[in-house]
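Novice:
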Amino acid sequence: MNIMKNIKDFTVNNDDLKKMSITDFYKDQEIFITGGSGFIGKALIEKLLRSFPNFKKMFILLRSKKNKTADERLQELLDISIFQRARDEQPESFKKIHAIAGDCRELGLSISSEDLKRIENVTIIFHSAANVRFDNPLKESIFVNLRGTHEVLKIAETMTKLKAFIHVSTLYSNVDQPCIYEKILPNSADWRTTIKLAETFDEKTLDILFKKYSSNHPNTYTFAKSLSEHLVNDYKNKLPVLVYRVAMVVSSVDEPVPGWLDNVNGPFGLFLTASLGLTRTALISPHTKLNMIPCDATVHGLIISAYAVVSDASFANNSKDSVVVLNSCYSNENLTPMWKILHDGKMLAKENPSENMVWLPGGKVTGSFPEYFIRVCFNFYCE
């Protein structure tokens, strides 16, 4: 079985597909999504349900949690408010979404043989499952972000109708590189060896090894995500894969509703506490530029990427040195410095104050540790 040969022939010769709209492309597709309960996953599911209701089936990988089955968790997920618009506009699409019980921490994803049979005709995979905590033990990060990706790829190899495998990565998987090009960048570690180490040694030993083994990566998350890109790259001649790197994904511009956000990860933890007057300073240069992209822009890019893998022959991987990589981010010329973000944030907080505000927003950030220390000590009195 050579899935890549079939896909390459299909992309080069099918002129009708090149003229097909994205909406028509998603008609009758069977879609498998990991990480559906996450921020990007929720937005992706909502967009597909609402804007591409003619898909054939959609499968969401969910693990049992807090005494709830995968089916119960899926129903709970679809009951949250962001899906109301999709439910109002395309109620029939909700009948075609199904839960697949599984866990990215486990070998084979712990998917039953019955469920493997259900997903054997999947045509598009969006692999967005990840543990995004920076302070995770190395073993946990490797099992979820690296070995979990390997298990998804192995299952994908059994799907004879697969047309596109979109691996969601992070722009910061290559923080040790001076410039993040749209290609697989060097890593001193080997993904196979790293998985074996995680399976062999205990958590404490691995955490000791991490500092020497991880090159210049600041945390286990970026290290594991970098290796997962190398893993996906090794499948470029076997599967129609694409690596989609995202920057800091923040609240939506328009979809599913303007300003939607379901977490306070990344910079929003700082922005939230600053808007409440709780955070008066932070150790960060005011000239630092944060590369942030709205979640709906991210989702649009993911949906288009799957279409591009199938419809554009230039995305065929088996003639390239690197798997196709797309960076979903803004260029350096279009980034806003931290001082500007905080200045505008203060103005907005004053115009639209929170009911939970404990102090008028104020203070400033600094890249100087002595100044930061003084500001922390004197807290609200340093303005």
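Counting from 5, one number per residue, gives the positions in the sequence shown under the working numbering.
We treat Cβ as the ideally placed atom computed from N, Cα and C, and that holds for glycine.
(1) Would you mind sorting Phe373 into buried or exposed? The rule is 16 or more other CB atoms within 10 Å of its CB.
(2) Shortest alpha-carbon distance to Arg77 belongs to which of Gln88, Cys183, Leu65?
(3) Give the list of continuous alpha helix (DSSP H) stretches no shorter than 4 residues that lie fully inside the stretch 79 to 165.
(4) Is it the case that the stretch 329 to 348 contacts the stretch 291 to 300, given that we only count it when at least three CB pairs across the two stretches are under 8 angstroms?
(5) Count the other CB atoms, across all protein chains shown, that sit within 10 Å of the CB of Phe63; report buried if there are 16 or more and exposed otherwise.
(6) From Ala47 to Ala301, what distance separates their C-alpha atoms?
(7) Please state the DSSP three-state secondary structure of Pro190.
(8) Given a cut-off of 8 angstroms on the beta-carbon distance, is the pair Ile146 and Val327 in contact?
(9) Per DSSP, Arg249 forms a beta bridge with which residues?
(10) For Lys167, which option in Leu352, Phe382, Ala105, Asp32 has the closest C-alpha, if you only look at C-alpha atoms?
(11) With DSSP run on the structure shown, which of helix, strand or coil describes Ala168?
(12) Rounding to the nearest angstrom, what Cα-Cα distance links Ile11 and Glu161 in this structure?
(13) Tell me, to the nearest whole angstrom, how far the beta carbon of Ile159 is from that of Ala310; I am working on the premise that it is less than 8 angstroms.
(14) So does the stretch 80 to 89 actually touch the stretch 253 to 268, counting three or more Cβ pairs closer than 8 angstroms?
(15) In the DSSP assignment, find the beta strand (DSSP E) that holds Pro298 and state where it starts and stops.
(16) Taking all protein chains shown into account, do 16 or more other C-beta atoms lie within 10 angstroms of the C-beta of Lys121, making it buried, or fewer, making it exposed?
(17) What first and last residue would you give for the beta strand (DSSP E) that runs through Ile35?
(18) Please report the straight-line C-alpha distance between Ala389 and Glu80, rounded to a whole angstrom.
(19) Give the secondary structure of Phe63 by DSSP, where H, G and I count as helix, E and B as strand, and everything else as coil.
(20) Is it the case that the CB of Thr198 approaches a heavy atom of the ligand NAP more closely than 7 angstroms?
(21) Select from Arg379, Lys242, Leu265 the residue whose C-alpha is nearest the C-alpha of Ile297.
(22) Would Asn331 and Arg249 be called neighbours here (beta carbons separated by less than 8 angstroms)?
(23) Rank Leu246, Lys240, Gly273 by C-alpha distance to the C-alpha of Met252 and give the top, closest one.
(24) Tell me the residue span of the alpha helix (DSSP H) that contains His347.
(25) Per DSSP, what kind of secondary structure is Thr27 in: helix, strand or coil?
(26) Once the 5 residues before and after Val268 are set aside, which same chain residues still bring their CB inside 7 angstroms of it?
(27) By Cβ distance below 8 angstroms, which residues in the same chain neighbour Glu96 in space, the five residues on each side in sequence not counted?
(28) Quick check on the burial criterion: 16 or more other C-beta atoms within 10 angstroms. Buried or exposed for Asn17?
(29) Should the stretch 213 to 233 be regarded as contacting the stretch 134 to 144, the criterion being three or more beta carbon pairs within less than 8 angstroms?
(30) Can you tell me which of Gly152, Arg284, Gln181, Glu207 puts its alpha carbon nearest to the alpha carbon of Val236?
(31) In terms of DSSP beta bridges, what is Thr370 paired with?
(32) Under 8 angstroms Cβ to Cβ from Lys100, same chain only, skipping five residues before and after it: list those, please.
(33) Just the C-alpha distance for Leu82 and Thr224, rounded to the nearest angstrom, thanks.
Specialist: Based on what the coordinates show:
(1) Exposed is the call here.
(2) Leu65
(3) Taking 4 residues as the shortest admissible run, the stretch 79 to 165 contains the following complete alpha helix (DSSP H) segments, listed from N- to C-terminal end: 88 to 93, 117 to 122, 142 to 145, 152 to 160.
(4) yes
(5) That one is buried.
(6) C-alpha separation (whole angstroms): 10 angstroms.
(7) coil
(8) Annotated as distal: Ile146 and Val327, with beta-carbon spacing of 8 angstroms or more.
(9) Ser173, Asn331
(10) Asp32
(11) strand
(12) Below a pLDDT of 50, predicted positions are generally treated as unreliable, and Ile11, at 39, falls in that range; no measurement from the model is reported.
(13) About 17 angstroms; that fails the 8 angstroms criterion.
(14) yes
(15) For Pro298, the enclosing beta strand (DSSP E) stretches over residues 296 to 298.
(16) exposed
(17) 34 to 38
(18) A question about residue 389 goes unanswered here, because the residues of the chain that appear run from 5 up to 387.
(19) It is a strand residue.
(20) Inclusion of the ligand NAP in the displayed structure is not the case, the ligand content being empty and no account of it being possible.
(21) Leu265
(22) yes
(23) Gly273
(24) 342 to 355
(25) helix
(26) Leu276
(27) Pro57
(28) For Asn17, the predicted structure reports a pLDDT of 45, less than 50, and the residue's modelled location is therefore unreliable. The matter cannot be settled from this model.
(29) yes
(30) Out of Gly152, Arg284, Gln181, Glu207, the CA that lies nearest to the CA of Val236 is found in Gly152.
(31) Leu287
(32) For Lys100, where only same-chain residues beyond five positions count, the Cβ hits under 8 angstroms are Phe59, Lys60, Lys61, Met62.
(33) 32 angstroms
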